[in-house]
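Data first, discussion second: the structure below is written as structure tokens.
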Amino acid sequence: MAAKEEVEAETPPVQDDVPEEKKDVIPSPQGKIDDSKALVLVDKTSDSTPKKNSGGSLDRDIALANLEKEKSLSFVRAWEESEKTKAENKAQKKLSDVTAWENSKKVSLEAKLQKLEEEYDRKKAEYAEKMKNKVALIHKVAEEKRAIVEAKRGEEVLKAEEVAAKFRATRTVPKKLLGCF
């Protein structure tokens, strides 16, 4: 309503004075005045003028109401756009937060996985080293046993050769010649 009062205060007041009838004569192109073809403009009487004035006031009120309605609709549209923008920004921020959270968790888990893989590789290398040491130890023991077997075989061969030489020298036959019979 305050806007309506401001607009009414700014508009000039409507004159209630009704001017008297005017007669305009349009001159003929030849410069002669011919009264037979003269046009006379007559303003309407005061009966229709107040209606026009009140109609003008009514039109102005309608225009002001339409202007006020447009203004409020404009405010509503602006508010709606503002709220939509706020909602979009809020959603974008939350999506950004979720993405940041997801990325931090991924990085954390990837770091943990990397650490586990390094630990696994280290333990695997240690275990492989232990296994290589065990294989080397087994090989060493096997070589020692082979050496012992070879030494015993050599001793037995030497003993057999000595016994054979003794039998040859004494020309006796061994008693255990046919041990399986």
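Mind the numbering: the sequence shown is residues 1 to 181 in the UniProt record's numbering, read in order. Glycine included, each C-beta is placed from N, C-alpha and C at the ideal position.
| query | result |
| --- | --- |
| Please report the straight-line C-alpha distance between residue 172 and residue 158, rounded to a whole angstrom. | 19 Å |
| Rounded to the nearest angstrom, what separates residue 71 and residue 103 at their Cα positions? | 47 Å |
| Where does residue 94 sit, in a helix, a strand or coil, going by DSSP? | helix |
| Is residue 14 helix, strand or coil when you go by DSSP? | In this prediction, residue 14 has a pLDDT of 48, which is less than 50 and means its spatial position is unreliable; what the coordinates show is noted afterwards. Coil, per DSSP. |
| Which of the three DSSP states is assigned to residue 176 in this structure? | coil |
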